[in-house]
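First residue of the sequence shown: -11, per this note's numbering; consecutive thereafter.
Only one structure is covered here, and it is reproduced in the block below.
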Amino acid sequence: MTAPTGAADAPVPADAPYRDASRPVAERVADLLARMTLEEKAGQLFQTMIEVGKGGALSEGPSAMGVPATTDMVVKRQMTHFNVLMAPPTAREFALWHNRLQELAASTRLGIPVTVSTDPRHAFTDNPGTALLSGPFSQWPETLGLAATRDERLVEEHADAARREYLAVGIRTALHPQVDLATEPRWSRANGTFGEDAALTGRMGAAYVRGFQATGDVARAAGLPGTFGERSVSTMTKHFPGGGPQQDGEDPHFAYGREQVYPGGRFAEHLEPFKALLAAGTRQMMPYYGMPVGLEADLGDGPEAVEQVGFGFNRQILTRLLRDELGFDGVVCTDWGLVSDAEILGQPFPARAWGVEHLAPVDRLERILAAGADQLGGEACPELVVELVRAGRVTEARVDESVARLLREKFELGLFDGARDVDADAAASVVGHPDLVAAGRRAQSRSVTPLASAADGAARLPLARGLRVFVEGAADVVDGLEGATLVASPAEADVALLRLKAPYDDRGPGFEGFFHAGSLDFPAEVVAHVAETAAQVPTVVDVYLDRPAILAPVLEALGGRGSLVANFGASTPALLDALTGIVPAEGRLPFDLPRSTAAVEASREDVPFDTADPLFRFGHGLAL
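Right under this line is the structure:
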């Protein structure tokens, strides 16, 4: 039965049950829900981007990312969930901004606190649509690098460190982990995954959840209760039911990548990591943009055809599979921008309404709610929910069901109580603490993956300490070196270190350019330069793998005179620590490295380890 809707001007007593921390969460949720207007309820169903103003002020626009003014979203649209974009330069400014945002929310009639979320921001990726540069936070390897260590304890420690830094500035929801299987080597989103193997992804992803939600051994060792609560950061696992098998590796952020295909019939394998994370207690789930094509899957009653609409619109996937079959009662939030067309960085960006492009925005929203989602990511149009309810197309009871889940999360995180505000002075000492920075740098070194070593000479791994090293391709400031002396030219060097990045096609300026997609082949001039350098001086080639690369020509160019290593996010100092043995390089490949583009094109998008005769197999890594 629908709770009676509150009046917009009805005063809320200071002793209202929902304000009483001693009462059970279910009672507090029910009391608050009964006091809410339809407009206040509708505002809860949206989570969109928000920006931090200069010096930690609230951002009131204009915005290159198309983000509305903060006051408009909180006061007028009555929204209380926001995905924060770029970090300010200091943790103190971040914390001050958070407290100002909460103060604005507290000024509204019901005073519902804001939940701040973020994409990953502890590694090296700089993409406003997927992950952000670390800024003031400690810097660790990418998720692929965590997987390369094969160390679940390290993953939990990383997540715990990120949890502490998030809490210090008021971030309470992680829009991660990403447990898609990277079975299509060309896919631009591999960097955020744990690789190609379902079992490894499930183990690592579960450790990640335990670390962020403070429910694992690391939290208990620190004296926390080991249960979800006010010291937790809620995890939103993505992209259900697995976003890896994109046709030709193209990404469904864009219309040409909307089709998700299963030529090998491996839908169930892509689902396995999500089951492991559900068992670990992940609180939220995000379906992907992808539109399944030709998919037959067992949704609990035997194989059946799955409707060809994006997973955020798909009731078979969100209600029958996730809710009914897998028993998930947490928050389901769509990926960003399924309803409204937008403009990002000055360019048009159509809604990712794959399979329902023909529908008007209000009709798309109706489909999403009917599918079983609780919240719309990247959208700020609560007036459409009000329109649907007033027209009798969506019941208020259906809205209440989702609002109750969202409010429950806020109460359990302690946001209505002592965890609403943060200490700006303490944030400055927690975020980027030297111990966390050192732990992140050590993890970077450990994740370095030696692929091939010179048989002899100065480039043989591990490198002798004290060598004169010429480094090319390092954009970071090199300092704090213990194992090597840097020189300015190959002529002065005992060994050259060439730092390369996995190749990709330039998709032009704007948002699309952030996604590294297309060819995995290095340009001929890069291979020639490797050969030329290796002919002059013993050479180590290091390749940053944000997705697999065709390394056979590079290895051939070294001609047996050099060594080849992979990294998944490592600064030059961290890399040299690994190469000289100061910190053991323990990485093992989290996916196969294909031998050729032809092998990639012949492989099936949903089948792991499906490229013929790979150059290096999953799990490869030399013991130095």
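Quick reminder that beta carbons are idealized off the backbone N, C-alpha and C, glycines included.
Only a predicted model underlies this, so the values are computations on that prediction, with no experimental measurement involved.
Residue i, DSSP secondary structure in three states
i, result
"L552", "strand"
"N87", "helix"
"M273", "strand"
"V650", "Missing from the structure shown is residue 650; the chain here goes from -11 to 612 and no further."
"M67", "coil"
"M61", "helix"
"A463", "coil"
"I100", "coil"
"I643", "The requested residue 643 does not occur in the structure, where the chain is confined to residues -11 to 612."
"A505", "strand"
"Q235", "helix"
"V197", "helix"
"T560", "helix"
"P578", "coil"
"T25", "coil"
"L46", "strand"
"A407", "coil"
"V40", "strand"
"R191", "helix"
"T521", "helix"
"A178", "helix"
"F316", "coil"
"P5", "helix"
"D598", "coil"
"L401", "coil"
"L265", "helix"
"A545", "helix"
"D205", "helix"
Buried or exposed by the 16-neighbour rule on C-beta atoms within 10 Å, applied to residue i
i, result
"D107", "buried"
"L504", "According to the sequence shown, residue 504 is His rather than Leu. Flag for H504 reads buried."
"R166", "Before going on, a small fix: residue 166 reads as Gln here, not Arg. Label assigned to Q166: buried."
"E513", "exposed"
"R254", "buried"
"D444", "exposed"
"G211", "exposed"
"K64", "exposed"
"A136", "buried"
"P(-8)", "With a pLDDT of only 48 at P(-8), under the threshold of 50, the placement of this residue in the model should not be trusted, and no figure is reported."
"K29", "buried"
"H227", "buried"
"Q335", "exposed"
"G406", "exposed"
"R11", "exposed"
"Y244", "exposed"
"G49", "exposed"
"A516", "exposed"
"E81", "buried"
"T223", "buried"
Strand pairing of residue i, partner residues [DSSP]
i, result
"Q166", "K226"
"L34", "Sequence check: residue 34 is Phe here, not Leu. According to DSSP, which records beta bridges pairwise, F34 is partnered with L364."
"Y532", "K489 and N555"
"T527", "A484"
"D286", "P291"
"M279", "E247"
"S105", "N71 and T161"
"I538", "D509"
"F606", "BP columns for F606 are empty, so no partner."
Residue i: CB within 7 Å of a non-hydrogen atom of the ligand ZN
i, result
"E513", "You won't find the ligand ZN in this model; it holds no ligand whatsoever."
(request) Report yes or no: do the stretch 553 to 564 and the stretch 188 to 200 share at least 3 C-beta pairs separated by less than 8 Å? (result) no
(message) Is it the case that the stretch 587 to 600 contacts the stretch 539 to 555, given that we only count it when at least three CB pairs across the two stretches are under 8 Å?
(response) no
(message) Quick check: the stretch 527 to 539 against the stretch 576 to 585, are at least 3 beta-carbon pairs closer than 8 Å?
(response) Of all C-beta pairs linking the stretch 576 to 585 to the stretch 527 to 539, three or more are shorter than 8 Å, placing the two stretches in contact.
(request) For the stretch 372 to 382 and the stretch 347 to 355, state whether three or more C-beta atom pairs, one from each stretch, are separated by less than 8 Å. (result) Note that the stretch 372 to 382 touches the stretch 347 to 355; at least 3 beta-carbon pairs, one per stretch, sit closer than 8 Å.
(message) Quick check for students: name the residue ranges of the alpha helix (DSSP H) that lie wholly in the stretch 124 to 169, counting only runs of 4 or more.
(response) 131 to 137 and 140 to 157
(message) Using a Cβ distance threshold of 8 Å, determine whether the stretch 70 to 77 contacts the stretch 128 to 147, with at least three qualifying pairs required.
(response) no
(request) Determine, using beta-carbon pairs with one atom in the stretch 510 to 529 and one in the stretch 254 to 271, whether at least three such pairs fall under 8 Å. (result) no
(request) With a floor of 4 residues, list each alpha helix (DSSP H) that falls wholly inside the stretch 319 to 391, ordered by position along the chain. (result) Note on the stretch 319 to 391: whole alpha helix (DSSP H) runs with a minimum of 4 residues are 349 to 359 and 370 to 378, in chain order.
(request) Identify every run of the alpha helix (DSSP H) within the stretch 413 to 483, keeping only runs that are complete inside it and at least 4 residues long; order them along the chain. (result) 422 to 435
(request) Pair every Cβ in the stretch 450 to 460 with every Cβ in the stretch 472 to 481, then say whether three or more of these pairs are closer than 8 Å. (result) yes
(message) For the pair the stretch 286 to 300 and the stretch 308 to 319, tell me if three or more CB-CB distances fall below 8 Å.
(response) The answer is yes - the stretch 308 to 319 touches the stretch 286 to 300, with three or more Cβ pairs under 8 Å.
(request) Determine contact between the stretch 124 to 135 and the stretch 91 to 106, defined as no fewer than three beta-carbon pairs at a distance below 8 Å. (result) no
(request) Count the C-beta pairs between the stretch 394 to 413 and the stretch 330 to 343 that are closer than 8 Å, then say yes if the count reaches three, no if not. (result) Fewer than three beta-carbon pairs drawn from the stretch 394 to 413 and the stretch 330 to 343 are found closer than 8 Å, and the two stretches are therefore not classed as touching.
(request) Could you say if the stretch 31 to 41 and the stretch 407 to 423 meet the contact criterion of at least three C-beta pairs nearer than 8 Å? (result) no
(message) Within 8 Å, do at least three Cβ pairs link the stretch 417 to 437 to the stretch 153 to 169?
(response) yes
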